[in-house]
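Undergrad: Sequential numbering from 65 applies to the sequence shown in the numbering used here. C-beta: ideal position from N, C-alpha, C; glycine also. Bear in mind the structure is a predicted one, so any value in this text is a computation, not a measurement. One structure is given below, represented as structure tokens, and several questions about it will come after.
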Amino acid sequence: MLKVTKFGGSSMADAGQYRKVKEIIDADSRRRVVVVSAAGKRFSADHKLTDLLYLCHAHIQYGVDCTPVFDMITSRYLEIRDELGLQLPLEEEFQELKERLQKKKVSQDELVSRGEYFSAKLMAAYLDFQFVDSADWVKFSTDGVVNKEESYAALKNQADIARGVVIPGFYGVMPNGEIKTFSRGGSDITGALAAAALDANVYENWTDVSGILMADPRIVNDPQPIPEVTYDELRELSYSGAQVLHEGTIFPVREKNIPINIRNTNAPEDPGTMIKESFDSTSDPNRFITGIAGKKDFSIIALSKRGLGNEVGVLRKVLSVLERHHISVDYCPNGIDSVFVVVASSAIESCLYNVLSEIQRDVQPDTLQVYNEIAVIAAVGRRMAFRPGISGKLFAALGEAGINIRMINQGPSELNIILGVDNKDFAETMRVLYNSFVK
Ligand code: ASP
Numbered sequence: 065m066l067k068v069t070k071f072g073g074s075s076m077a078d079a080g081q082y083r084k085v086k087e088i089i090d091a092d093s094r095r096r097v098v099v100v101s102a103a104g105k106r107f108s109a110d111h112k113l114t115d116l117l118y119l120c121h122a123h124i125q126y127g128v129d130c131t132p133v134f135d136m137i138t139s140r141y142l143e144i145r146d147e148l149g150l151q152l153p154l155e156e157e158f159q160e161l162k163e164r165l166q167k168k169k170v171s172q173d174e175l176v177s178r179g180e181y182f183s184a185k186l187m188a189a190y191l192d193f194q195f196v197d198s199a200d201w202v203k204f205s206t207d208g209v210v211n212k213e214e215s216y217a218a219l220k221n222q223a224d225i226a227r228g229v230v231i232p233g234f235y236g237v238m239p240n241g242e243i244k245t246f247s248r249g250g251s252d253i254t255g256a257l258a259a260a261a262l263d264a265n266v267y268e269n270w271t272d273v274s275g276i277l278m279a280d281p282r283i284v285n286d287p288q289p290i291p292e293v294t295y296d297e298l299r300e301l302s303y304s305g306a307q308v309l310h311e312g313t314i315f316p317v318r319e320k321n322i323p324i325n326i327r328n329t330n331a332p333e334d335p336g337t338m339i340k341e342s343f344d345s346t347s348d349p350n351r352f353i354t355g356i357a358g359k360k361d362f363s364i365i366a367l368s369k370r371g372l373g374n375e376v377g378v379l380r381k382v383l384s385v386l387e388r389h390h391i392s393v394d395y396c397p398n399g400i401d402s403v404f405v406v407v408a409s410s411a412i413e414s415c416l417y418n419v420l421s422e423i424q425r426d427v428q429p430d431t432l433q434v435y436n437e438i439a440v441i442a443a444v445g446r447r448m449a450f451r452p453g454i455s456g457k458l459f460a461a462l463g464e465a466g467i468n469i470r471m472i473n474q475g476p477s478e479l480n481i482i483l484g485v486d487n488k489d490f491a492e493t494m495r496v497l498y499n500s501f502v503k
């Protein structure tokens, strides 16, 4: 039985957090692989190491002395080392990096990857585990996609599971030997790749909340964590705005049917959220909604035309216009003689008038209107499917709260109910939905 664990930035922020990580690893002998992020914030006004590294690179680019920022970075790591009493001579590596940096010989990706590199060096020394550099196993192809076969084989070859392994997240290597990072938050992907490579039984993703919350805590007061969520539900929630795992995380583990368990480093006794393909039974059979998520600032292009329902190819013509402008369509509910196209306002802003005039030309609708400042909210739940009464309850609650619904959409899998409301009603809609289903 093998557990691959990944600790995010807040779990790596200072020596105190390293101690908590060690306690978690020591508490379960199946936790043999540890993937780490760069040091995160220690308090809200603090800086993430990765941000400082990006800043450092910008200094060099603009010919400004990077010494003050570079010193901030090195002292964060040296402080952790000294507080933990580790004998790791990092100074030389820092010096060598700085010299290469000043000669402009370090790419941005290489420089920012050093955040996780030094985190992993320190954690490996602290746990007395083997350090396996991600530059030696996460192999990108020339197109920037990870070559999973080669990467998995390389990690299997190098990892001494019996001893325990620490791996830096966030980066890998291109075929020409250059370091390449994932996009921000990408250590989640490294953890998922390691879990898949080593056929782990579970991928534990340790963070600073006790699992995925049912709603955004900045909007809903003290939302409950979700005990169990399927990959499909999670995809719906993330797409609709819940910030959970990095987008590329699910695929490698889902392919191998490895569950993900989101846990809290600061409350290790909490069970967190379990993410799996499916669940046989459910922890709370009366809970029909798994989570609620939403995003603001959508635009609806609404067109109507008498007889449109009988005309062939209208939808295609409308969607072709958007395709020509490379605009992704989020939702497309329609009536008999009307079509709604919902897109992110930021995506259409610069070409709105061209899009409208092309729709006018190609479809010749009777009316063509644009509604801005629309928020889209999704209530997601696998237990909603084929169960009457859920949407009735949902709409009744919103009606009672006096919220006007601008759009309704439900995916064919009945996994979600999607509502469009005015931006100004966004937070209240989230609260009403949460309270009517959870409280
Ligand atoms: N350190 C990187 C970031 O801040 C990657 C990660 O933590 O996942 O984006």
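With distances taken Cα to Cα, identify the nearest neighbour of L262 among E213, H310, R299, D173.
TA: In terms of CA proximity to L262, E213 leads the group E213, H310, R299, D173.
Undergrad: Check whether the stretch 494-502 touches the stretch 282-294, taking contact to mean three or more Cβ pairs, one atom from each stretch, closer than 8 Å.
TA: Yes, they touch.
Undergrad: For M65, I'd like the list of residues in its chain whose CB is within less than 6 Å of its CB, leaving aside the five on either flank, ordered along the chain.
TA: Annotation for M65: R94, N265 place their beta carbon closer than 6 Å to its own, counting only its chain and skipping 5 residues before and after.
Undergrad: What residue range does the alpha helix (DSSP H) around M136 cover?
TA: 131-147
Undergrad: Per DSSP, what are the beta-bridge partners of A366 in this structure?
TA: F404, Q433
Undergrad: Would you kindly check if the distance between the Cβ of F362 and the Cβ of A408 is under 7 Å?
TA: yes
Undergrad: For the stretch 369-382 against the stretch 420-432, do three or more pairs of beta-carbon atoms, one drawn from each stretch, fall closer than 8 Å, so that the two count as touching?
TA: yes
Undergrad: Measuring only the C-alpha atoms, how far is V475 from P232?
TA: Sequence inspection shows Gly at residue 475; the Val mentioned does not correspond to that position. The alpha-carbon atoms of G475 and P232 are separated by roughly 39 Å.
Undergrad: Measuring from the CB of A102, is there a heavy atom of the ligand ASP at a distance below 6 Å?
TA: yes
Undergrad: Using only alpha-carbon positions, find the residue among V176, F134, I364 that is nearest to C396.
TA: I364
Undergrad: If I'm right that K340 touches P323 with Cβ under 8 Å, what's the distance once you round it to whole angstroms?
TA: 4 Å
Undergrad: How should V53 be labelled, buried or exposed, when 16 other C-beta atoms within 10 angstroms of its C-beta is the threshold for buried?
TA: One cannot answer for residue 53 here, as it falls past the ends of the chain, which runs 65 to 503.
Undergrad: Could you give the first and the last residue of the continuous alpha helix (DSSP H) run that contains V317?
TA: Segment 314-319, the alpha helix (DSSP H) holding V317.
Undergrad: Cβ of R248 versus every heavy atom of the ligand ASP: is any distance shorter than 6 Å?
TA: Taken from the Cβ of R248, at least one heavy atom of the ligand ASP lies inside 6 Å.
Undergrad: What do you reckon, is the C-beta of G312 under 6 Å from a heavy atom of the ligand ASP?
TA: Answer for G312: no, Cβ out of range of the ligand ASP.
Undergrad: Would you mind stating whether V85 and V229 have Cβ atoms separated by less than 7 Å?
TA: no
Undergrad: For my contact list, I48 and A443 are in at a C-beta cut-off of 8 Å; report their separation, rounded to the angstrom.
TA: Because the chain spans 65 through 503 in this model, residue 48 falls outside it and cannot be assessed.
Undergrad: Do A306 and A226 come within 7 Å of each other at the CB atom, strictly closer than that value?
TA: Remark: C-beta atoms of A226 and A306 do not approach each other more closely than 7 Å.
Undergrad: Taking 8 Å as the cut-off, does the stretch 453-465 touch the stretch 398-406 (at least 3 CB pairs, one atom from each stretch)?
TA: No, they do not touch.
Undergrad: Would you grab the beta carbon distance between L152 and A189 for me? Rounded to a whole angstrom, and I think it's under 8 Å.
TA: 5 Å
Undergrad: Compute every distance between the C-beta of G236 and the non-hydrogen atoms of the ligand MN, then say whether any falls below 6 Å.
TA: Among the ligands modelled here, namely the ligand ASP, the ligand MN does not occur.
Undergrad: Could you spell out where the beta strand (DSSP E) holding D296 opens and where it closes?
TA: From DSSP, D296 is part of no beta strand (DSSP E) but of the alpha helix (DSSP H) over 295-303.
Undergrad: Is any non-hydrogen atom of the ligand ASP found closer than 6 Å to the C-beta of S177, if you look at the structure I gave you?
TA: no
Undergrad: Quick one, are the C-beta atoms of S101 and G72 less than 7 Å apart?
TA: yes
Undergrad: Go ahead and label N350 buried or exposed: buried means 16 or more other beta carbons lie within 10 angstroms of its beta carbon, across all protein chains shown.
TA: exposed
Undergrad: If you drop the 5 nearest sequence neighbours on each side, which residues of the same chain put their C-beta closer than 7 Å to that of T254?
TA: V99, S198, V202, I231, G233, F234
Undergrad: With DSSP run on the structure shown, which of helix, strand or coil describes A465?
TA: coil
Undergrad: Let me check one thing: in DSSP terms, what residues is K340 bridge-paired to?
TA: DSSP links K340 through a beta bridge to T294.
Undergrad: Which residue or residues does DSSP assign as beta-bridge partners of P289?
TA: L277
Undergrad: Applying the 10 Å Cβ sphere with the 16-neighbour rule, what's the burial state of R248?
TA: exposed
Undergrad: So does T131 have its beta carbon nearer than 6 Å to some heavy atom of the ligand ASP?
TA: no
Undergrad: Pick out the complete alpha helix (DSSP H) segments inside the stretch 79-108, 4 residues or longer, and give them in chain order.
TA: The stretch 79-108 contains, as complete alpha helix (DSSP H) runs of 4+ residues, the segments 79-90 (chain order).
Undergrad: With a Cβ-Cβ cutoff of 7 Å, do R106 and D135 count as a contact?
TA: Going by C-beta atoms, R106 is not nearer than 7 Å to D135.
Undergrad: Could you compute how far the alpha carbon of V376 sits from the alpha carbon of L420?
TA: 20 Å
Undergrad: Can you tell me where the alpha helix (DSSP H) with K185 in it begins and where it stops?
TA: 172-191
Undergrad: Under DSSP, the beta strand (DSSP E) around F490 begins and ends at which residues?
TA: F490 -> not in any beta strand (DSSP E); alpha helix (DSSP H) instead, spanning 490-502.
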